[in-house]
Amino acid sequence: MAVGIFDSGLGGLTVLNAAQKRLPDVDFLYFADSAHAPYGVRDAEDIFQLTRNAVQDLWARGCDLVILACNTASAAALRRMQEDGVPEGKRVLGVFVPLIEALTERQWGDNSPPREVEVQHVALFATPATVSSRAFQRELAFRAIGVDVEAQACGGVVDAIEDGDLILAEALVRSHVDALKRKMPDPQAAILGCTHYPLMAETFQQALGPDVNVYSQGDLVAESLADYLQRHPNMTGGGEGGFLTTGKPAFVSDRATQFLRRQITFAAA
Ligand code: DGL
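Note that the working numbering gives residue 16 to position 15 of the sequence shown, counting from 1, and the numbers run on in steps of one.
1) Skipping 5 residues on each side, what residues in its chain have a beta carbon closer than 7 angstroms to that of alanine 227?
2) Could I get the ranges of all uninterrupted beta strand (DSSP E) runs contained in the stretch 121-197, with 3 residues as the minimum, in chain order?
3) Could you check the C-alpha separation between isoleucine 265 and glutamine 21 for me, to the nearest Å?
4) Hey, would you say the C-beta of asparagine 72 is under 7 angstroms away from at least one heavy atom of the ligand DGL?
5) Assess contact between the stretch 176-188 and the stretch 105-114, defined as three or more Cβ pairs (one per stretch) separated by less than 8 angstroms. Is contact present?
6) Nearest by alpha-carbon distance to glutamate 89: which of Arg232, Ile168, Pro115 and Trp60 is it?
7) Roughly how many whole angstroms lie between the Cα atoms of glutamate 119 and alanine 145?
8) Could you say which of Ser133, His197, Pro186 and Leu230 lies nearest to aspartate 160 if we only look at CA atoms?
9) Hey, quick one: how far does the beta strand (DSSP E) through glycine 5 stretch, first residue to last?
10) Please determine whether the Cβ atom of histidine 233 lies at a distance below 7 angstroms from any heavy atom of the ligand DGL.
11) Candidates Arg92, Gln153, Thr246 and Leu94: which alpha carbon is nearest phenylalanine 205's?
12) Just checking my contact of leucine 69 with glycine 243 at CB under 8 angstroms: how many whole Å lie between their CB atoms?
13) Identify every residue that forms a DSSP beta bridge with isoleucine 68.
14) For the 8 angstroms Cβ check, are there 3 or more pairs between the stretch 202-222 and the stretch 9-19?
15) Residues in its own chain within less than 8 angstroms of proline 115 by CB, not counting five upstream and five downstream?
16) Using a Cβ-Cβ cut-off of 8 angstroms (strictly less than) and excluding sequence neighbours within five positions of glutamate 171, which residues of its own chain qualify?
17) Can you give me the start and stop residues for the beta strand (DSSP E) that phenylalanine 29 sits inside?
18) With DSSP run on the structure shown, which of helix, strand or coil describes asparagine 214?
19) Which one of Gly41, Gln121 and Gly5 has the shortest CA to CA distance from alanine 77?
20) Nearer than 7 angstroms: is that true of the beta carbon of cysteine 155 relative to any heavy atom of the ligand DGL?
21) Below 8 angstroms on the Cβ atoms is my contact criterion, and I expect glycine 13 with cysteine 64 to pass it. Report the Cβ-Cβ distance as a whole number of Å.
22) Nearest CA to the CA of glutamine 121: which residue from Ala269, Pro250 and Ala191?
23) Kindly give me the distance between the Cβ atoms of glycine 248 and alanine 36, rounded to whole angstroms, as I take these residues to be in contact under 8 angstroms.
24) In terms of alpha-carbon separation, which member of Arg139, Phe32, Ser9 and Glu163 lies closest to alanine 269?
25) Can the beta-carbon of glutamine 231 be found closer than 8 angstroms to that of asparagine 214?
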């Protein structure tokens, strides 16, 4: 039994990497649905079906807890999966809430009513599906009042990263930041609302300028997962971790090794 980490492709590795550093004794089973990536240009029903299939696969392989290390899947599928009912002893959690708790200076799991917070102008960079779901704004409204969010759908960035074309990814990031700045010239904070984007974090920070506080999910999700596992120690255990993909294992392994700068070997899911 291991903790399952799911993403459409390579982006969730940014969460996995942080989680492995924070929780070195926990095994993780990573699932990349590379054959169907990117999710961000699919409709909500499609994303829901693909995400549910992958999560059920991870549950069937013995993971009791699955983290959706994918904002697009969290936006389109998490609430519906939880409302449809999760099997006894199984859990699925997303990546929005830890990020919003950090942005709104809350303790992990603090569900008190929304209140005014320090930050007032927030830029959100995410996939087209995440932006159109407005899930980030909805979760934020449960916790904070008076925050102005300007969202920028970053078409093409995930495809470029999955293809290993980082020059294209960088050019696209710069043009999406320019587009955002035309709508909100002086954001105080920027949310990288797609787990692929931390792989381009430096480019986002350079394009936004040094005064903008850029929030990535890796460390925040890892910290919140550590807190969750402390409160629910039976949701982890010994057992088999590893890397699974619905795509071509050799290709996905090469890309993953390049991104994490350590050998990563995927097997066929
Ligand atoms: N890494 C995903 C996210 O956090 C992915 C994107 C995609 O497949 O478009 O939204």
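C-beta: ideal position from N, C-alpha, C; glycine also. Since we're looking at a predicted model, the values are computed, not measured.
If we stick to the structure as given:
1) Cβ within range, chain order: Arg23 and Leu24.
2) 122-127, 149-154 and 190-193
3) 13 angstroms
4) yes
5) no
6) Trp60
7) Going by C-alpha positions, glutamate 119 is about 10 angstroms away from alanine 145.
8) His197
9) Its beta strand (DSSP E) spans residues 4-8.
10) Here the distance from the Cβ of histidine 233 to the nearest heavy atom of the ligand DGL is not below 7 angstroms.
11) Gln153
12) Actually they do not touch by this definition, with Cβ atoms about 18 angstroms apart.
13) Answer is Ile6 and Leu94.
14) Touching, yes, given that three or more Cβ pairs across the two stretches are closer than 8 angstroms.
15) Ala142, Phe143, Arg144, Ala145 and Ile146
16) Met201 and Thr204
17) 29-33 is the span of the beta strand (DSSP E), which, as asked, contains phenylalanine 29.
18) strand
19) Gly41
20) no
21) Incorrect: roughly 14 angstroms between the Cβ atoms, too far for contact.
22) Ala191
23) Contact flag correct, Cβ pair sits at about 5 angstroms.
24) Phe32
25) no
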